[in-house]
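Here the sequence shown is numbered in the numbering used here, starting from 1138 and rising by one per residue.
Even glycine gets a Cβ: it sits at the ideal position worked out from N, Cα and C.
A short worksheet on the structure shown next.
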Amino acid sequence: MSRERVRRGVNRLQGTIPPETTTTGYLLRLSRPRFWFYLAGPVVVGVAYGAESPADLFAPIALALFAYFLVPANVFLYGVNDVFDADIDETNPKKDDREVRYTGDKATLAAVIVSGLLALGFVPVLTPAALAVLALFVFLAVEYSAPPLRFKTTPLLDSISNGLYVLPGVIAYTAVAGELPPIAAVLGGWLWTMGMHTFSAIPDIDPDRAAGIRTTATALGERRTYGYCALCWLAAAVSFAFVHVLLAVLLLAYPVLVFAIARSSIDVDRAYWWYPAVNTLVGMVFTLGGLWRLIYGG
């Protein structure tokens, strides 16, 4: 798939939502619709594995968590990012045709803050353990981009902090099952997000270096970053082997794929756009595994 075809595909997706000139259209674009399921998808997986009966799949708390992590949490996460990256994004070409730039609009800032505060609505209904995980999500969502910590500008910490993407699944599992998921599953998911985040940073190595931004990818360089991602994904597969061997086998697709990309002449900018589809497919298989366990046992 060429970059031009990707651009046209994104434009078609954006054409289905209100114009950028409207507040709603702007906020939806800010929330990165193509990545919505990176937060909402883990909720589905967590509910599928935490449920004890089919009715649990549609429990009010499960539906509420899915709704929050589908849009408001993405507005919050990416809004914080855009607010604190406003100066850098002035010259970021991704903002020209795939995203929007934050220009200091107070209504946008208010919407981002409100989206974060909506998480407080879960305080009366979540267990202390689930609330602790939710608090960790909010902390990482803010400090990934905001001072004083700004994890995204510190090699390795930028990668580790992206474990925040697995936390919606941990919250959902805990809310439905009444207990935290197996530590091996949480660790495996965290390692997977580390690999995914760092792989997504490979296309930005040159512009990040030019802007003086330090990341795991800029520190390692493209070839060694491929190796880092493969190791993260291989470690994720090993961790999931302690949950179920079939889940581990499924995750082996990631180190195999990154090895193939590194050994081929495929442009990483092109390969990067395969991953929303790959991740959706893998997430679907994960979810079907949870549903199979729920219905048939084992």
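For the structure I just gave you, are there three or more beta carbon pairs, one from the region 1155–1169 and one from the region 1394–1403, closer than 8 Å?
no
Between which two residues does the alpha helix (DSSP H) harbouring I1297 extend?
L1294 to I1297
According to the Cβ coordinates, are T1330 and Y1365 closer than 7 Å?
no
What is the DSSP secondary structure of D1448, reduced to helix, strand or coil?
A question about residue 1448 goes unanswered here, because the residues of the chain that appear run from 1138 up to 1435.
With a 10 Å radius around its C-beta and 16 neighbouring C-beta atoms as the bar for buried, classify G1187 as buried or exposed.
buried
Option nearest F1379 by Cα separation, candidates G1326, T1362, L1431 and I1250
G1326
So I1308 and V1270 are in contact, right, with Cβ under 8 Å, and what is the actual spacing, rounded?
5 Å
Can A1367 and V1323 be called in contact, C-beta distance under 7 Å?
no
Rounded to a whole number of angstroms, what is the C-alpha to C-alpha distance between V1386 and I1154?
38 Å
Taking the Cβ atom as the reference point for each residue, do L1176 and P1305 lie within a distance shorter than 7 Å?
yes
What is the DSSP secondary structure of G1427, reduced to helix, strand or coil?
helix
Do F1423 and V1251 have their beta-carbon atoms positioned less than 7 Å apart in this structure?
no
Quick one: using the 10 Å Cβ neighbour count with 16 as the cut-off for buried, is Y1258 buried or exposed?
In the sequence as displayed, the identity of residue 1258 is Gly instead of Tyr. G1258 should be labelled exposed.
Less than 7 Å between the C-beta atoms of L1254 and L1277, yes or no?
no
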